[in-house]
């Protein structure tokens, strides 16, 4: 049975969170403006301004304000023409919202394994997937924890095979690759303003495109597909997906602080990186030559030889403490004991019960049915390995330096 070592740490008086909204005051101003002007529905100046500012920051012609990142992905899937029976290549190590909209439209996700350099979709595995499924014409790519994937390589594979890319930049708003904002590398992109994101509206998302026809179609679909007629005329299925002008007020107040939030998140990442020197751990990686993450979440992965024995079931976990070693479960339990929130790495989609019959492709080929899931630091099923050895650290940009120093001490103590 797992246990947590006693030590001299005291619990945090106020909980140290993984990632929560940081308000500045301008948000209330624009929410109040929506109230006083009575624009409380899905039209209003806040929506117009939030769309304009977001499009300008990201570098696209059109940003369509929607009720969530998931609704933006759903409309992106429809715009891409994904239909029932279509196989779609999807990032494997991500939140399920990345691929659920594919299933909404009757598509069949085929999961592409992760590469170690950025923890994102592996271009080599993607190329291998086209050998196995040459008929596929659509790819959904997520940028994990605010870090851009190998976008040029992924894009080159897509172009070779005539496939479109939907880029899920829900976690990476403000991150760049070769000086270009994430959300612009796909044929269609999306961002999210969920409550834990680097810029929040409490909810909300945006669809990103350079095509006026796509933008207009998304706006129409998001408001129940009402036709231009003097009565309620409907000629195709629509959705109640448009963003509220009140939510847009929060986002409008948040957007000027994007660069400040990124700087704060980067400082957190770098303090962890320095504080863990000498420990058998590594921070979540990124391409320092070409990529500038938004550092939304700081994560670590434990060296293979420093892992204590850990077994995870579907809902439970057991580990055995070993001197000089630790595991994600021990660290997360210990953080929780002292009133700090961490999280496991996203459990790869091919490991989820609902998707276990779906295709899964590693750089070696079809990943299903393998007896050797991964080989210390290389080999097959990289996503499973990162999930087993990795965790997300408290990354709230309101966390003080002294609080973070204590988090670092708590993690270090787990390896005693």
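Residue numbers (the working numbering): 2 to 417.
Every residue, glycine too, gets a C-beta built ideally from N, C-alpha and C.
query                                                                                                                                                                                           : result
So what's residue 84 in DSSP terms, helix, strand or just coil?                                                                                                                                 : coil
Helix, strand or coil for residue 350? Go by DSSP, reduced to three states.                                                                                                                     : helix
Can you find at least 3 beta carbon pairs, one from the region 50-58 and one from the region 127-138, that sit closer than 8 Å?                                                                 : no
Are the CB atoms of residue 317 and residue 118 within a distance shorter than 8 Å?                                                                                                             : no
Report back the beta-carbon spacing between residue 148 and residue 101 to the nearest angstrom; my notes put them in contact at under 8 Å.                                                     : About 22 Å separates the two Cβ atoms, so there is no contact after all.
In the DSSP assignment, the beta strand (DSSP E) including residue 139 goes from what residue to what residue?                                                                                  : 139-143
Assuming residue 99 and residue 141 make a contact with CB atoms under 8 Å, what is their CB distance in whole Å?                                                                               : 6 Å
With DSSP as the reference, please indicate the residues paired to residue 321 in a beta bridge.                                                                                                : 310
Residue 391 and residue 332: beta carbons closer than 8 Å?                                                                                                                                      : no
Below 8 Å on the Cβ atoms is my guess for residue 31 versus residue 253; work out the distance and round it to an integer in Å.                                                                 : 5 Å
In its own chain, which residues sit with a C-beta less than 7 Å from the C-beta of residue 48, not counting the 5 before and 5 after it?                                                       : 66, 244, 246 and 249
When you compare each of 302, 386 and 342 to residue 282 by their alpha carbons, which one comes out closest?                                                                                   : 302
Let's test the definition: count the other Cβ atoms within 10 Å of the Cβ of residue 355 and tell me whether it reaches 16, buried, or not, exposed.                                            : exposed
Going residue by residue through the region 230-292, where are the continuous beta strand (DSSP E) segments of at least 3 residues, counting only ones entirely within it?                      : 282-284
Can you give, in chain order, each stretch of the beta strand (DSSP E) that sits fully within the region 126-203 and has at least 3 residues?                                                   : 139-143, 165-169 and 189-193
Please report the straight-line C-alpha distance between residue 325 and residue 290, rounded to a whole angstrom.                                                                              : 34 Å
From the DSSP secondary-structure annotation, give me the bridge partner or partners of residue 115.                                                                                            : 122
On a CA-only basis, which of 110, 300, 115 and 83 is nearest residue 357? Give me that one, please.                                                                                             : 110
What does the alpha-carbon distance come out to for the pair residue 80 and residue 25?                                                                                                         : 36 Å
Identify, in the order they occur along the chain, each residue of the same chain with its Cβ nearer than 7 Å to the Cβ of residue 83, setting aside the five sequence neighbours on each side. : 89, 103, 106, 108 and 139
Identify the residues that DSSP records as bridge partners of residue 367: which are they?                                                                                                      : 362
Straight-line CA distance for residue 146 to residue 262?                                                                                                                                       : 14 Å
Can you give me the Cβ contacts of residue 267 inside the same chain, cut-off strictly under 6 Å, excluding the 5 residues immediately before and after it?                                     : 296
Hey, could you find the ends of the beta strand (DSSP E) residue 210 is sitting in?                                                                                                             : 206-210
Roughly how many whole angstroms lie between the Cα atoms of residue 378 and residue 274?                                                                                                       : For residue 378, the pLDDT reaches just 41, beneath the cut-off of 50, and the residue's location in the model is therefore unreliable, leaving the point undetermined.
If you check the beta carbons only, do residue 176 and residue 294 fall under 8 Å apart?                                                                                                        : yes
Check for me: the alpha helix (DSSP H) holding residue 36 runs from which residue to which?                                                                                                     : 27-37
Can you tell me which of the three DSSP states residue 339 falls into?                                                                                                                          : coil
Exposed or buried, which one is residue 61 when buried takes at least 16 other CB atoms within 10 Å?                                                                                            : buried
Grab the span of the beta strand (DSSP E) containing residue 303 for me, first residue to last.                                                                                                 : 300-303
Quick one: is residue 232 buried, meaning 16 or more other Cβ sit within 10 Å of its Cβ, or exposed?                                                                                            : exposed
Looking at the structure shown, is residue 345 part of a helix, part of a strand, or coil, going by DSSP?                                                                                       : strand
Could you name the residues that DSSP lists as bridge partners for residue 70?                                                                                                                  : Answer by DSSP bridge pairing: none, since residue 70 is not bridged.
Starting from residue 391, follow the beta strand (DSSP E) in both directions and report where the run begins and ends.                                                                         : 391-393
Is residue 337 buried or exposed, if buried means 16 or more other CB atoms sit within 10 Å of its CB?                                                                                          : exposed
Let me check one thing: in DSSP terms, what residues is residue 1 bridge-paired to?                                                                                                             : Past the boundaries of the shown model lies residue 1; the chain is included only from 2 to 417, so the question cannot be answered.
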